[in-house]
Amino acid sequence: VVDCPPAIQGDVVAAVMRSVQVILIPVLPSPIDLWAIVGMAAALGGVRRLNPGLRAGLVLNQLESRNALSRAMREALAEFDVPILQAGMQRRAAYRSAAVEGVSVYGLGKRAQAAVADMEAIIEEVLCL
1 VVDCPPAIQG DVVAAVMRSV QVILIPVLPS PIDLWAIVGM AAALGGVRRL NPGLRAGLVL
61 NQLESRNALS RAMREALAEF DVPILQAGMQ RRAAYRSAAV EGVSVYGLGK RAQAAVADME
121 AIIEEVLCL
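Once you know that position 10 of the sequence shown is 10 in UniProt numbering, the rest is easy, because the numbers rise by one and skip nothing.
1. Which same chain residues end up closer than 8 Å to ALA114 when comparing Cβ atoms and leaving out the 5 residues on each side of it in sequence?
2. Could I get the ranges of all uninterrupted alpha helix (DSSP H) runs contained in the stretch 3-69, with 4 residues as the minimum, in chain order?
3. Verify whether the separation of the beta carbon atoms of ALA43 and ALA14 is less than 8 Å.
4. Per the DSSP calculation, ILE84 is bridged to which residue(s)?
5. Of the residues SER30, GLU125 and GLY39, which one's Cα is nearest the Cα of ASN61?
6. Pull the bridge partners of GLN90 from the DSSP assignment, please.
7. Would ALA121 pass as a contact of ALA87 if the rule is Cβ separation under 8 Å?
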């Protein structure tokens, strides 16, 4: 599994995409990430000719339920030939806390229950890609 940002391009990324089974592409609810997906979607299309078993999914990150842009991203991303995971990562302090403490959200205990639920939903969906 390779987890890469949407703007990474080039020979190294193409080589990685040719050799993996699954790529998860995190996407923030922003026009900049939406523009970056154009290049990544094109790269995926080319690599799939060499790696036809490659599975990819867009993972929405830092979602805010009351933010119009967060809600609009799913619709905008539907134009690309890359599946969008229904599960996403809400904007939560637990992710920042985990990074500061050098652990995953699983290591934060009860204070990260919602973040763990986000991750579990993503994992379950990735296993079905």
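A virtual CB, placed ideally from N, CA and C, is assigned to each residue, including glycine.
Walking through what the data contain:
1. Indexing the sequence shown from 1 puts residue 114 at position 114. Here the set comprises GLN90, ARG92 and ALA94.
2. 11-19 and 31-50
3. The sequence position of residue 43 within the sequence shown is 43, counting from 1. The sequence position of residue 14 within the sequence shown is 14, counting from 1. Yes; because the gap between Cβ atoms is below 8 Å, this pair is in contact.
4. Counting from 1 along the sequence shown, the entry for residue 84 is found at position 84. DSSP lists LEU58 as partners of ILE84.
5. As a working note, residue 61 is residue 61 in the sequence shown. ASN61 has its Cα closest to that of SER30, out of SER30, GLU125 and GLY39.
6. The sequence position of residue 90 within the sequence shown is 90, counting from 1. Looking at the DSSP assignment, GLN90 forms a beta bridge with LEU63.
7. As a position in the sequence shown, residue 121 is number 121, starting the count at 1. As a position in the sequence shown, residue 87 is number 87, starting the count at 1. Taking 8 Å as the Cβ cut-off, ALA121 and ALA87 qualify as a contacting pair.
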